[in-house]
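Here my numbering runs 23 ahead of the position in the sequence shown, where the first position is 1. For reference, the structure discussed in these notes is given below.
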Amino acid sequence: MPRTIAGLLIVFAALLLLACGGDDDTSSGADATQGPTAIGDPTDNATATAQPTEITPAPAGDTLPVYLALGDSLSAGIGASNPLTTSWVALVHSSLPDWDLINLGIPGDTSDDLLNGGSLGDGIGEIQQRKADDKASNEVQVITLEIGGNDLLNIYFDLVIPGDCPSVVESLERPMCVEALTNALATYRANLRETLRRLTEAAPGVPLFLMTLYNPFSGGASHVDQLGVLSLEGQDGTPFPSGLNDAIREEGAAAGVTVVEWYELFLGKQSEYIAQDLIHPNDTGQAVMADAVKTVMAQAGLPVVD
24 MPRTIAGLLI VFAALLLLAC GGDDDTSSGA DATQGPTAIG DPTDNATATA QPTEITPAPA
84 GDTLPVYLAL GDSLSAGIGA SNPLTTSWVA LVHSSLPDWD LINLGIPGDT SDDLLNGGSL
144 GDGIGEIQQR KADDKASNEV QVITLEIGGN DLLNIYFDLV IPGDCPSVVE SLERPMCVEA
204 LTNALATYRA NLRETLRRLT EAAPGVPLFL MTLYNPFSGG ASHVDQLGVL SLEGQDGTPF
264 PSGLNDAIRE EGAAAGVTVV EWYELFLGKQ SEYIAQDLIH PNDTGQAVMA DAVKTVMAQA
324 GLPVVD
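Shown next, in the form of structure tokens:
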């Protein structure tokens, strides 16, 4: 296979697979003070030898209000120099003095894993258990949710690597490729809708903040940047006028939860906000994400401090 096509396959595969959450099983918390490796040679897979950071959910105590974080590698803190202190979840938690944190972010989780695996059930279990005990002060009182970056994993393995969908142009022309992405987006929307239903049913009145996903390639190579725009924001005149972020915004509004916009914050910021794995946010990006969440939380009346 010619080098240029192989490189394009890798880049397109990375976009479809990772969008913003990334293939968390192969990502790292690399030196977050540096920018991403240049994409001058797209055959250089920067994440090939990286190892995931091990994250242990912080146990909550018996008397303090609880901040519950749900999601994938972004909530787990992959990309941060120290996930326990410099990740966006840790920074948000530090702005809620005298609160406990339960972080159920699991690297690699898709929306289906979240919905049908353990983390959503564990989170709802915590909500219900704390409601049922005799301590009014220890209930879950705020929830954050980000998910979706890994939902296109099957396209990567089934269609991109074998060469059935080798480029954006060819993929948009081939029914099998269009169908695969269409199905992935539809499945994501249905999973997100049910996840939000279960959470709002379990915790009525508890503020829930749902994040849009950023484009890790924004400001980098233009053709890769545009792949991110198509996947996340859609493009008129294609079979995908709406992207993953449109589903997040629409389902969030329908469920009555607050949507926090991360997408626009990362426009043109690849060299500043993205870690060396080319996917996850570095410490600067983590802080930007945390600031956006804290701002919206403060607007909702939560006791956020700097």
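Just so it is clear, CB atoms sit at the ideal spot from N, CA and C, and this is done for glycine as well. Quick caveat, the model's predicted, so the values are computed rather than measured.
Can you give the Cα-Cα distance for residue 214 and residue 170, rounded to whole angstroms? Sequence index remark: in the sequence shown, residue 214 carries index 191 (1-based). Sequence index remark: in the sequence shown, residue 170 carries index 147 (1-based). If I take the Cα positions, the gap works out to 10 angstroms.
For the beta strand (DSSP E) containing residue 164, list its first residue and its last residue. Translated into positions along the sequence shown, residue 164 becomes position 141. From DSSP, the beta strand (DSSP E) with residue 164 extends over 163-168.
Identity of the residue in 300, 233, 276 nearest residue 91 by Cα: Residue mapping note: residue 91 aligns to position 68 of the sequence shown, counting from 1. With distances taken between Cα atoms, residue 91 lies closest to 233.
Evaluate residue 52 with the Cβ neighbour count: other Cβ atoms within 10 Å of its Cβ, from every protein chain shown; 16 or more gives buried, anything less gives exposed. Counting from one through the sequence shown, the residue named residue 52 turns up at place 29. With a pLDDT of 39 at residue 52, under the threshold of 50, the modelled position of that residue is not reliable, and the figure given next carries that caveat. It is buried - the Cβ of residue 52 has at least 16 other Cβ atoms within 10 Å.
Taking residue 135 as part of the alpha helix (DSSP H), name the residues at either end of that continuous run. As a first step, residue 135 must be located in the sequence shown, where it is residue number 112. 134-139 is the extent of the alpha helix (DSSP H) around residue 135.
Taking 8 angstroms as the cut-off, decide whether the C-beta atoms of residue 163 and residue 99 are in contact. Looking up residue 163 in the sequence shown gives position 140. Looking up residue 99 in the sequence shown gives position 76. No, the Cβ-Cβ distance between residue 163 and residue 99 is not below 8 angstroms.
Kindly list the residues whose CB is nearer than 8 angstroms to the CB of residue 269, restricted to its own chain and excluding five residues on each side of it in sequence; keep chain order. Position 246 of the sequence shown, counted from the first residue, corresponds to residue 269. Cβ within range, chain order: 256, 257.
Looking at the unbroken alpha helix (DSSP H) that takes in residue 125, where does it start and where does it end? Here residue 125 is taken as the residue at index 102 of the sequence shown, counted from 1. It is not in any alpha helix (DSSP H) - residue 125 instead sits in the beta strand (DSSP E) that spans 123-128.
Less than 8 angstroms between the beta carbons of residue 309 and residue 122, yes or no? Translated into positions along the sequence shown, residue 309 becomes position 286. Translated into positions along the sequence shown, residue 122 becomes position 99. Cβ distance not < 8 angstroms, so residue 309 and residue 122 don't count as in contact.
Among the candidates 245, 109, 212, whose CA atom is the shortest distance from the CA of residue 134? Against the sequence shown, residue 134 aligns to sequence position 111. Comparing Cα-Cα distances from residue 134 to each of 245, 109, 212, the minimum goes to 212.
Taking the Cβ atom as the reference point for each residue, do residue 316 and residue 280 lie within a distance shorter than 8 angstroms? Taking the first residue of the sequence shown as 1, we reach residue 316 at position 293. Taking the first residue of the sequence shown as 1, we reach residue 280 at position 257. Going by C-beta atoms, residue 316 is not nearer than 8 angstroms to residue 280.
Can you name the start and end residues of the alpha helix (DSSP H) that residue 204 belongs to? Locating residue 204 in the sequence shown gives position 181, where the first residue counts as 1. First-last of the alpha helix (DSSP H) with residue 204: 198-225.
Residue 149 burial status per 10 Å Cβ neighbour count (16 or more: buried): Looking up residue 149 in the sequence shown gives position 126. Label assigned to residue 149: buried.
With DSSP run on the structure shown, which of helix, strand or coil describes residue 86? Your numbering for residue 86 matches position 63 in the sequence shown. It is coil, neither helix nor strand.
Where residue 102 falls, given that 16 or more other Cβ within 10 Å makes a residue buried: Start at 1 with the first residue of the sequence shown, and residue 102 comes out as number 79. With 16 or more other Cβ atoms within 10 Å, it is buried.
Compare the C-alpha of residue 113 against each of 155, 321, 312, 324 and name the closest. Position 90 of the sequence shown, counting from 1, holds the residue named residue 113. If we check each option's Cα against that of residue 113, 312 comes out closest.
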